[in-house]
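Here the sequence shown is numbered in my numbering, starting from 974 and rising by one per residue. Think of the CB as a built atom: it goes at the ideal place given N, C-alpha and C, for glycine as much as any other residue. First comes the structure, then the notes that go with it.
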Amino acid sequence: MELKLYDSELKVMDILWREGMLAAGDLAAVLNRETGWNRNTTYTVIKKLIVKGAIQRTDPGFVCTALIPKEQVQTYETKELINKMYNGSAGMFFSAFLNEKNLSKEDIDKLKKIVESLS
974 MELKLYDSEL KVMDILWREG MLAAGDLAAV LNRETGWNRN TTYTVIKKLI VKGAIQRTDP
1034 GFVCTALIPK EQVQTYETKE LINKMYNGSA GMFFSAFLNE KNLSKEDIDK LKKIVESLS
């Protein structure tokens, strides 16, 4: 399932991925500390994520649980970026990424292993 999540929705998901299941009140408290959101803002975003099928709410306690893994969203967002900014060309994306020249030796070695495993 491919699912577009907006920045505000990703903030909620990031906390659930990091913390696991949380009561909505606890989620609101974390978002208030980290972003300054009020409780109503958090609850509005939670409702949107429930409708999208990204999280589920269980009672008692309005406990929120992520239904989609972070890796699934990362894969979708990466595809969207490549399609939007590089006309769908992964080669152009990697070329631009590699030309930044701020990769460590360790990063370069990891990338080499990934490319070699594709052959």
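Contact between residue 990 and residue 1043 holds, since their C-beta atoms are separated by about 5 Å, short of 8 Å. Judged by their CB atoms, residue 995 and residue 1046 are not nearer to each other than the 8 Å cut-off. Of the residues 1083, 1088, 1059 and 999, the one whose Cα lies closest to the Cα of residue 1037 is 999.
Within the DSSP secondary-structure output, residue 1001 pairs in no beta bridge. Below 8 Å, enough C-beta pairs join the region 1013-1031 and the region 979-986 to call them touching: three or more. For residue 1069, no beta strand (DSSP E) run applies; the uninterrupted alpha helix (DSSP H) run containing it begins and ends at 1063-1071, by DSSP. When secondary structure is reduced to three states using DSSP, residue 989 falls in the helix class. Between residue 1004 and residue 1054, the alpha-carbon positions lie close to 26 Å from each other. Here residue 988 is buried, its C-beta having at least 16 other C-beta atoms within 10 Å. With a contact defined as Cβ atoms closer than 8 Å, residue 1019 and residue 1039 miss out at about 11 Å. For residue 1030, DSSP records a beta bridge to 1037.
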